[in-house]
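Remarks on the structure that follows.
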Amino acid sequence: MPLALHEPLLKTQQVAEALGVSASTVKRWVDSGVLKASRTVGRHRLVSLSEAIRFAMEQNLPQDRLAVLLGVGSGSISGIDDPVRTAVETALRRGRAAEARSLIGQAYAAVKDAARLADDLIRPVMERIGHEWSDGTLDVYQEHRASRIVEVALMGLIARVSPSMAGAVAPLAIGATPEGDHYTLAGLLCELSLREQGWDVINLGPNLPLPSLAKAVRVHRPRLVWFSINHLTDPERFVREYEAFYPSASTMGVAVCLGGPGLDGALRARLVAASFGERIVHLAEFARRILPASGPRSDPWNTTEGH
130 MPLALHEPLL
140 KTQQVAEALG
150 VSASTVKRWV
160 DSGVLKASRT
170 VGRHRLVSLS
180 EAIRFAMEQN
190 LPQDRLAVLL
200 GVGSGSISGI
210 DDPVRTAVET
220 ALRRGRAAEA
230 RSLIGQAYAA
240 VKDAARLADD
250 LIRPVMERIG
260 HEWSDGTLDV
270 YQEHRASRIV
280 EVALMGLIAR
290 VSPSMAGAVA
300 PLAIGATPEG
310 DHYTLAGLLC
320 ELSLREQGWD
330 VINLGPNLPL
340 PSLAKAVRVH
350 RPRLVWFSIN
360 HLTDPERFVR
370 EYEAFYPSAS
380 TMGVAVCLGG
390 PGLDGALRAR
400 LVAASFGERI
410 VHLAEFARRI
420 LPASGPRSDP
430 WNTTEGH
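Numbering (our numbering), first residue to last: 130 to 436.
So this is what it looks like as structure tokens:
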């Protein structure tokens, strides 16, 4: 069953103060239908926080005070909590792409840690949406739409994090998901996490046959290869191909990291890898340990561009 949503509801006066307008203006917006609201038994108007953020974005109204109410922005957040997750989930469920991207960007700016963004926000939110799709609460198109919105948000964040190693060429990491696995978000989160640390990254994306990954490794000679396994159409074939892939990669000094929900205990026991992981933080910690010690990375953050 899907988890219940507990989205913050704001009184018209709270919305007015956050947006810098009068309460009567907010009431007029609600009554005209441009700002959606629910009503209490006493007929008082209540506006959801995500709806207030959506409206503010569409009307180019200030969002700073709404972000503070959400718990994001102005350096006020120490982590990603339930109100943040609820607001992002609500925006994704309703297809509000700009709002969801803004919230994800604000959350990342607050924690500056892709592993935390992945494990504390993206993963639980997408799991909830997946549960709602599986039990029929959401249609499959809504689940696909939500995944695409998050994908675009992550691609935007990746574009703003530049790998940089002080006094050295950035080490290379290559990653993909196996043939028949079309899930993109895990690979993007792996890429974002690695770029944070100063790695250069070639993300070969979903649905990549292992022999093709082996060819990429021979050509580019990376320091690290990750394989995010969310689904395997033919586990036995994967094991056979991996048994051919790993010795070659290991001989070239490539550290191979395997992870993902499709890698169960029985399958893991049959495979050899430098590291196994279930969350992005596991890849991040392993990558940090093998990062060449030729000098600390310079700050990869592009601080001149707002979220």
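Backbone N, C-alpha and C fix where the C-beta goes; we use that ideal spot for every residue, glycine too.
Remember, it's a predicted structure, so these values are computed and weren't measured experimentally.
In DSSP terms, what residue i is bridged to
i, result
"Ile331", "Ile303"
"Phe405", "Leu387"
"Leu175", "Lys140 and Ser167"
"Val368", "DSSP lists no partner for Val368."
"Phe374", "According to DSSP, Phe374 bridges with nothing at all."
"Trp355", "Gly304 and Cys386"
Backbone secondary structure at residue i - three-state DSSP
i, result
"Pro338", "coil"
"Ala156", "Residue identity check: residue 156 is Lys in the sequence provided, not Ala. Helix at Lys156."
"Leu139", "strand"
"Val144", "helix"
"Arg417", "helix"
"Val150", "coil"
"Val298", "coil"
"Leu321", "helix"
"Leu195", "helix"
"Leu392", "coil"
"Leu221", "helix"
Outcome for residue i when other beta-carbon atoms lying within 10 angstroms are tallied against a minimum of 16
i, result
"Pro421", "exposed"
"Thr380", "exposed"
"Glu228", "buried"
"Ser167", "exposed"
"Arg230", "buried"
"Arg399", "exposed"
"Pro191", "exposed"
"Asp249", "buried"
"Gly389", "buried"
"Gln188", "exposed"
"Glu372", "exposed"
"Gly171", "exposed"
"Val144", "buried"
"Asp363", "exposed"
"Arg214", "buried"
Practice task
Would you check if the segment 379-390 and the segment 404-418 touch, i.e. whether three or more CB-CB distances between them fall below 8 Å?
Solution key: yes
Exercise for the section: Taking 8 Å as the threshold, find out whether the segment 218-226 comes into contact with the segment 238-245 through three or more Cβ pairs. Expected result: no
Practice task
Tell me, please, whether the segment 135-153 touches the segment 174-190 by the rule of three or more beta-carbon pairs shorter than 8 Å.
Solution key: yes
Handout entry: Three or more C-beta pairs below 8 Å linking the segment 346-356 and the segment 263-273
Key = With the cut-off at 8 Å, the segment 346-356 and the segment 263-273 do not touch.
Exercise for the section: Determine contact between the segment 329-338 and the segment 304-315, defined as no fewer than three beta-carbon pairs at a distance below 8 Å. Expected result: yes
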